[in-house]
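Mapping of the sequence shown onto the working numbering: position 183 corresponds to residue 1078, and the numbering continues sequentially without gaps. C-beta atoms are modelled at their ideal positions from N, C-alpha and C, and glycine is treated no differently. So the structure is just underneath, and the comments pick up after that.
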Amino acid sequence: MVRRHKHQLCCDIGEICREYLIYFQQSRQCGRAQIEGIRRVITAFSAYLEKSQIQLPHINIEHVDDFLAVFKASRARSTRRLYRSFLRCFLRYLYYERNLLTHNLADLIIGPPVFAKAKPPKFLRPHEIRHLFEHLPYSTHFELRTYAMVHLAFYLGLRPSEISRITLDDISFSKAQLTLKNRKNNRPLQLPIPESVLKAIVAYIVGAAKNRTP
């Protein structure tokens, strides 16, 4: 009975890891080396869970810390930071996409701060982001364009160069889906468009049409 339970646990974790790799490849722009790095981390993590007989819904931050302490022990600082990032993404997937975790453990994984420059990087905190969106003007055609661009950048994580190349043909309003065609690896990427972003795009299109009306 115990042996069958352990086998079922192994299969569940292994299948979820395979599905996550497919999900990551389809939703992110990444190369083979990055995929192999992710595979290495989540395979080791699933082996740790299997050996410890820990089911996914029962994972806590102590288990994650215990795994990372052993897995990262002999690796360089930059590699440890990269592997922490890979594991964060996997835990977010388990929490948000699969609803297999009761808590978002990704935000609890921390490491020593490493800055490439003398001064720490600047970023907006959650209340500052809310303030930004609440006070974005959208009265004129140009303000509506900026409004839509900020939504695309924040919610879809697009670069300015990617946003500047988007055309109406790239947007499926019925499916709420954006297709990015001009990418580094020449492989189109399809992204779901949140409702708030879709409304911002529509507002810009309507505003542009009114602006052209004589």
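- Under the DSSP assignment, L982 falls in the alpha helix (DSSP H) whose first and last residues are R972 to R987.
- Pairing L1000 with V959 gives a Cβ-Cβ distance under 8 Å.
- Boundaries for T1062: no beta strand (DSSP E) harbours it, and the DSSP string shows neither H nor E there.
- Counting only the Cα atoms, S973 lies some 36 Å from Y1042.
- For the options L1053, L1086 and R1082, the alpha carbon positioned closest to that of F1068 is the one of L1086.
- Taking the Cα positions, H953 is about 15 Å away from F962.
- Beyond the five residues adjoining it in sequence on each side, L1053 comes within less than 7 Å, by CB distance, of L1047 in the same chain, given in chain order.
- Distance from the Cα of R913 is smallest, within the candidate group G926, I949, I933 and Q924, for I933.
- If you compare the alpha carbons of Y1050, L1063, M1044 and A971 with that of S1056, the shortest gap goes to M1044.
- In the DSSP assignment, P1021 falls within the unbroken alpha helix (DSSP H) covering P1021 to E1029.
- Within the same chain, Cβ atoms closer than 7 Å to the Cβ of F981 are found at G932, I933 and V936, the five residues on either side in sequence being excluded.
- Around the beta carbon of S1091, fewer than 16 other beta carbons lie within 10 angstroms, which makes this residue exposed.
- Each residue's CA atom was taken as its position, placing I956 and A1104 some 52 Å apart.
- Judged by their CB atoms, R987 and I911 are not nearer to each other than the 8 Å cut-off.
- Secondary structure of Q1085 (DSSP, three-state): strand.
- Between T1074 and R1060, the alpha-carbon positions lie close to 11 Å from each other.
- With respect to I908, S941 sits close: the two C-beta atoms are nearer than 8 Å.
- With contacts defined as CB atoms closer than 8 Å, L916 and I930 qualify as a contacting pair.
- Pairing L1093 with A1071 gives a Cβ-Cβ distance under 8 Å.
- Excluding residues up to 5 positions away in sequence, I911, L951, P952 and L989 lie with their Cβ nearer than 8 Å to the Cβ of L995 in the same chain.
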